[in-house]
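J.: Just so you know, the sequences run in chain order A and B.
Mapping of the first sequence onto the numbering used here: residues 3 to 332, in sequence order.
Mapping of the second sequence onto the numbering used here: residues 3 to 332, in sequence order.
There are 2 protein chains.
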Amino acid sequence: MNSLDVVGVGNAIVDVLAQADDAFLASHSIPKGGMILIDEDQAKTIYGGMAPGVEVSGGSAANSIACIASLGGRAGFVGKVAKDNLGDIFRHDLRSMGVQFDTAPLEKGPGTARCLVNVTPDAQRSMTTYLGAAGFVSEYDIEKPLISSSAITFFEGYLFDQPVARNAFVKACDFAKAAGKRAALTLSDAGLVDRQHDALVSFIGEHVDILLANEHEAQTLFETDDLEIMAERARALCPLTAVTMSERGSLLVPRGGAPVRVAAKKPEKLVDTTGAGDAYAAGLLFGLARDLSLETSGALGALAAAEVISHFGARPQADLRSLAEKAGLL
Amino acid sequence: MNSLDVVGVGNAIVDVLAQADDAFLASHSIPKGGMILIDEDQAKTIYGGMAPGVEVSGGSAANSIACIASLGGRAGFVGKVAKDNLGDIFRHDLRSMGVQFDTAPLEKGPGTARCLVNVTPDAQRSMTTYLGAAGFVSEYDIEKPLISSSAITFFEGYLFDQPVARNAFVKACDFAKAAGKRAALTLSDAGLVDRQHDALVSFIGEHVDILLANEHEAQTLFETDDLEIMAERARALCPLTAVTMSERGSLLVPRGGAPVRVAAKKPEKLVDTTGAGDAYAAGLLFGLARDLSLETSGALGALAAAEVISHFGARPQADLRSLAEKAGLL
Numbered sequence: 003m004n005s006l007d008v009v010g011v012g013n014a015i016v017d018v019l020a021q022a023d024d025a026f027l028a029s030h031s032i033p034k035g036g037m038i039l040i041d042e043d044q045a046k047t048i049y050g051g052m053a054p055g056v057e058v059s060g061g062s063a064a065n066s067i068a069c070i071a072s073l074g075g076r077a078g079f080v081g082k083v084a085k086d087n088l089g090d091i092f093r094h095d096l097r098s099m100g101v102q103f104d105t106a107p108l109e110k111g112p113g114t115a116r117c118l119v120n121v122t123p124d125a126q127r128s129m130t131t132y133l134g135a136a137g138f139v140s141e142y143d144i145e146k147p148l149i150s151s152s153a154i155t156f157f158e159g160y161l162f163d164q165p166v167a168r169n170a171f172v173k174a175c176d177f178a179k180a181a182g183k184r185a186a187l188t189l190s191d192a193g194l195v196d197r198q199h200d201a202l203v204s205f206i207g208e209h210v211d212i213l214l215a216n217e218h219e220a221q222t223l224f225e226t227d228d229l230e231i232m233a234e235r236a237r238a239l240c241p242l243t244a245v246t247m248s249e250r251g252s253l254l255v256p257r258g259g260a261p262v263r264v265a266a267k268k269p270e271k272l273v274d275t276t277g278a279g280d281a282y283a284a285g286l287l288f289g290l291a292r293d294l295s296l297e298t299s300g301a302l303g304a305l306a307a308a309e310v311i312s313h314f315g316a317r318p319q320a321d322l323r324s325l326a327e328k329a330g331l332l
Numbered sequence: 003m004n005s006l007d008v009v010g011v012g013n014a015i016v017d018v019l020a021q022a023d024d025a026f027l028a029s030h031s032i033p034k035g036g037m038i039l040i041d042e043d044q045a046k047t048i049y050g051g052m053a054p055g056v057e058v059s060g061g062s063a064a065n066s067i068a069c070i071a072s073l074g075g076r077a078g079f080v081g082k083v084a085k086d087n088l089g090d091i092f093r094h095d096l097r098s099m100g101v102q103f104d105t106a107p108l109e110k111g112p113g114t115a116r117c118l119v120n121v122t123p124d125a126q127r128s129m130t131t132y133l134g135a136a137g138f139v140s141e142y143d144i145e146k147p148l149i150s151s152s153a154i155t156f157f158e159g160y161l162f163d164q165p166v167a168r169n170a171f172v173k174a175c176d177f178a179k180a181a182g183k184r185a186a187l188t189l190s191d192a193g194l195v196d197r198q199h200d201a202l203v204s205f206i207g208e209h210v211d212i213l214l215a216n217e218h219e220a221q222t223l224f225e226t227d228d229l230e231i232m233a234e235r236a237r238a239l240c241p242l243t244a245v246t247m248s249e250r251g252s253l254l255v256p257r258g259g260a261p262v263r264v265a266a267k268k269p270e271k272l273v274d275t276t277g278a279g280d281a282y283a284a285g286l287l288f289g290l291a292r293d294l295s296l297e298t299s300g301a302l303g304a305l306a307a308a309e310v311i312s313h314f315g316a317r318p319q320a321d322l323r324s325l326a327e328k329a330g331l332l
């Protein structure tokens, strides 16, 4: 019996959403539809030029953890906030869903991370992230009892760029393995996969039991766009690989068996695709933590993703548990 | 020539919106559909029990000022934030609309005000406000050049409960009068009118040129629910009184002329009535500041209110200037 289903280790970020036009993106060299890291001065400049905004808790792994809580899972989170209002907001929004989140806030240093999300009239979201305190999550924040008691520990690829955070990943993987539990990683960003290719391959081969990637990230990691070659290379690298392909569903590749195709679930209305991958990861990992089949786990991922893309914002607004029960998945 | 149309003096507040059920309201003694002030400990307790939230700048007069900026007006704001993230957010959201907002933040003391808004499934909003730094706005924040250069200075009734803020109102009224400019007051809350009845009557009689109230506040102030008697008493007290009556429109009562009935504008879709009064005040005051007729000024108020109630949130999402031009009002 695991006392937790999934613990996420990721960026503790509050999103700031505002409307913008293409000229604004161009004037600040913001790549449309992408995510880039910025420093504090850049964050001040970009925020200073942005329209009035709305603030809401975000972060990729944290979004997944919120979905797992909504599915009725027992979830925990490890991530670094500062001692400020945004840190309080981030902590509240996870804890109020029943998520165990006890990482000590950063005592001295930069403020809580924020992701400035500029939404253009074509509904594309262009993200600039000031990592602030979030990048300071370290091996000292990894508590053995928490990791050992969780069926799966789940890492956000975005943090792989930060050497201090990468050490935290390794420490957590060691605790998980020693307790007979699994480690999962989402690749987060094709640019990151390209930058960190060899280090990622080596980390995954040594530590990761469940790998999540979208098609573009998987193509960059496995250096092929042929799905069969990709599946072969995935089997060689990792016990289970999940590749998401937007409306074409996802492909689960277990080392010891045949690939499983999972259909995407059509949302009632497609409003905003932000958080689709985070939600899919949540459903899949929750299912695997509960020892459900690959088919059911993948279908839970598709169900969670369909809910999240049916409204603005990356965290679930409906009770995912009820939706999954109605769909006969739980 | 006035360099500004309207300066607002009000609560600098960030709203925290979350879903709740009636049992939650009852367990924290929150009056449904109302607004009560709470202290820091109560705010911690209530927030601790609330669901994940969304943060957005609010405050009654500040919402009006945002609407005036959206109408193309030149607007300013006086209100107190603390030196914290929420204060930065509040300041940014006004300045990014072109609003002049230079009140020095509170150096030492409580944090930036927040209004915890619990939204029940019946779409009612129950507000608990922790005033924090906002209640510290004082006469020392009233700058003569700002008030003297604005056609209208507009006060938020909610602050009338705070003696220090009330002194700020009086000082600003004196500056406005000396410069030949007008003072406007919105009554904000029937409970406040009841509590402060005699002090309000005396303040309005001495200082206020334009009084705004909803029907219930006006009934409490004028101690009658007969509209004709109310109009008579309004004329005796104040040069111009505007009474809003939701979907029944509004009544403008000038001291020296016949009352003017203004029809409400039907929103495309009624989503959330929060901020309707703030938006109406914005349209009316902008029209009066530009010396438009009572009919046109009232219609601008109705137009702004219709936009704000057609979506969640109390600040405008469409460009009110374009809407007013399309409607032939500007």
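For each residue, glycine too, the CB sits at the ideal point set by N, CA and C.
Between the C-alpha atoms of A:Gly259 and A:Asn13, what's the straight-line distance to the nearest angstrom?
T.: Each residue's alpha carbon lies about 34 Å from the other.
J.: Taking Cβ to Cβ, would you say B:Ala115 is nearer than 9 Å to B:Ala136?
T.: Cβ atoms of B:Ala115 and B:Ala136: closer than 9 Å.
J.: Output the boundary residues of the alpha helix (DSSP H) element that contains A:Ser252.
T.: Unbroken run through A:Ser252 is the beta strand (DSSP E), 252-256; no alpha helix (DSSP H).
J.: Closer than 9 Å, CB to CB, is A:Ser312 near chain B or not?
T.: Not closer than 9 Å to any Cβ of chain B, the Cβ of A:Ser312 fails to qualify, so no.
J.: Among A:Leu194, A:Ser152, A:Lys183, A:Lys146, which has the Cα closest to the Cα of A:Lys173?
T.: When only C-alpha atoms are compared, the closest one is A:Lys146.
J.: Would you call the region 218-232 of chain A and the region 172-192 of chain A touching, i.e. three or more CB-CB distances under 8 Å?
T.: Contact between the region 218-232 of chain A and the region 172-192 of chain A is present, because at least three Cβ pairs lie under 8 Å.
J.: What runs of the alpha helix (DSSP H), each 4 residues or longer, lie entirely inside the region 153-201 of chain B?
T.: List check, alpha helix (DSSP H) in window: 165-180, 192-197.
J.: What is the residue span of the beta strand (DSSP E) that A:Glu57 lies within?
T.: Here the beta strand (DSSP E) through A:Glu57 covers 56-59.
J.: Which runs of the beta strand (DSSP E) fall wholly inside the region 87-129 of chain B and span at least 3 residues, in chain order?
T.: If we require 3 residues or more, the beta strand (DSSP E) runs fully inside the region 87-129 of chain B come out as 115-121.
J.: For B:Ala22, which residues in the same chain have their Cβ closer than 8 Å to its Cβ, ignoring the five residues on either side in sequence?
T.: Only Met52, Ala53, Asn120, Val121, Thr122, Ser128 meet the Cβ criterion.
J.: Consider the Cβ of B:Met99: report whether some Cβ of chain A lies at a distance smaller than 9 Å.
T.: Yes, contact with chain A.
J.: Name the residue from A:Asn4, A:Tyr49, A:Val9 whose alpha carbon lies nearest to the alpha carbon of A:Phe26.
T.: Considering only alpha carbons, the answer is A:Tyr49.
J.: Any idea which residues DSSP pairs B:Arg235 with across the strands?
T.: Per DSSP, none; premise fails for B:Arg235.
J.: Chain A beta carbons: is any one of them nearer than 9 Å to that of B:Tyr132?
T.: No, no contact with chain A.
J.: Output yes or no for whether 9 Å exceeds the beta carbon distance between A:Phe138 and A:Val166.
T.: Result yes, Cβ atoms of A:Phe138 and A:Val166 sit closer than 9 Å.
J.: Give me the chain B residues within the contact set of A:Pro58, using Cβ-Cβ distance strictly less than 9 Å, ordered along the chain.
T.: The sequence shown places Val at residue 58 of chain A, not Pro. Neighbours of A:Val58 on chain B, chain order: Pro54, Gly55, Val56, Glu57.
J.: Going residue by residue through the region 6-31 of chain A, where are the continuous alpha helix (DSSP H) segments of at least 4 residues, counting only ones entirely within it?
T.: You should have 24-29.
J.: How about A:Phe314 and A:Asp280: do their beta carbons lie closer than 9 Å?
T.: Contact: no.
J.: My output table needs one value for B:Ala260: the three-state DSSP class, helix, strand or coil.
T.: The answer is coil: DSSP assigns B:Ala260 none of H, G, I, E or B.
J.: Which residues in the same chain as B:Leu39 place their Cβ atom closer than 7 Å to its Cβ, once the five residues preceding and following it in sequence are excluded?
T.: Within the same chain, B:Leu39 has close Cβ partners Thr131, Leu133.
J.: Which residues does DSSP pair with A:Ile40 in a beta bridge?
T.: Answer is A:Tyr132, bridged to A:Ile40.
J.: Considering only C-alpha positions, which residue in the set B:Arg76, B:Leu118, B:Val83 is nearest to B:Met99?
T.: For B:Met99, the nearest C-alpha among the options comes from B:Arg76.
J.: Taking the alpha-carbon positions, what's the A:Ala84 to A:Val56 distance?
T.: Computed Cα separation, rounded: 20 Å.
J.: Can you list, in chain order, the residues of its chain with a C-beta nearer than 6 Å to that of B:Ala178? Leave out the 5 residues immediately preceding and following it.
T.: The answer, listed in chain order, is Ile149, Thr155, Ala185.
J.: Short check: CB of A:Val264 to CB of A:Glu234, under 9 Å?
T.: No, the pair does not count as a contact, with Cβ atoms beyond the cut-off.
J.: In the DSSP assignment, what residue or residues form a beta bridge with A:Phe79?
T.: According to DSSP, which records beta bridges pairwise, A:Phe79 is partnered with A:Gly10.
J.: Please state whether the Cβ-Cβ distance between B:Ala291 and B:Asn65 is less than 9 Å.
T.: No, the pair does not count as a contact, with Cβ atoms beyond the cut-off.
J.: If I'm right that B:Ala170 touches B:Asp143 with Cβ under 8 Å, what's the distance once you round it to whole angstroms?
T.: At roughly 6 Å, the Cβ-Cβ gap stays under 8 Å, so B:Ala170 and B:Asp143 are in contact.
J.: Scan the region 79-96 of chain B for residues whose Cβ lies nearer than 7 Å to a Cβ of chain E and list them as they occur along the chain.
T.: Absent from the structure: chain E. Protein chains present are A and B.
J.: If you follow the alpha helix (DSSP H) that A:Thr298 is part of, which residue opens it and which one closes it?
T.: Residues 296-310.
J.: Span of the alpha helix (DSSP H) holding A:Asn65?
T.: 62-72 is the extent of the alpha helix (DSSP H) around A:Asn65.
J.: Tell me where the alpha helix (DSSP H) around B:Thr222 begins and ends.
T.: Residues 217-224.
J.: Below 8 Å, is the gap between the Cβ of B:Gly78 and the nearest heavy atom of the ligand SAH?
T.: Absence of the ligand SAH from the depicted structure is noted, as is the absence of any ligand whatsoever, leaving it without description.
J.: Determine the DSSP secondary structure at B:Val203, reduced to helix, strand or coil.
T.: Helix.
J.: Compute the beta-carbon to beta-carbon distance between A:Ala307 and A:Tyr282, rounded to the nearest angstrom, for a pair I have assumed lies under 8 Å.
T.: The Cβ separation is near 4 Å, so the contact holds.
J.: With a 10 Å radius around its C-beta and 16 neighbouring C-beta atoms as the bar for buried, classify A:Arg93 as buried or exposed.
T.: Classification for A:Arg93: buried.
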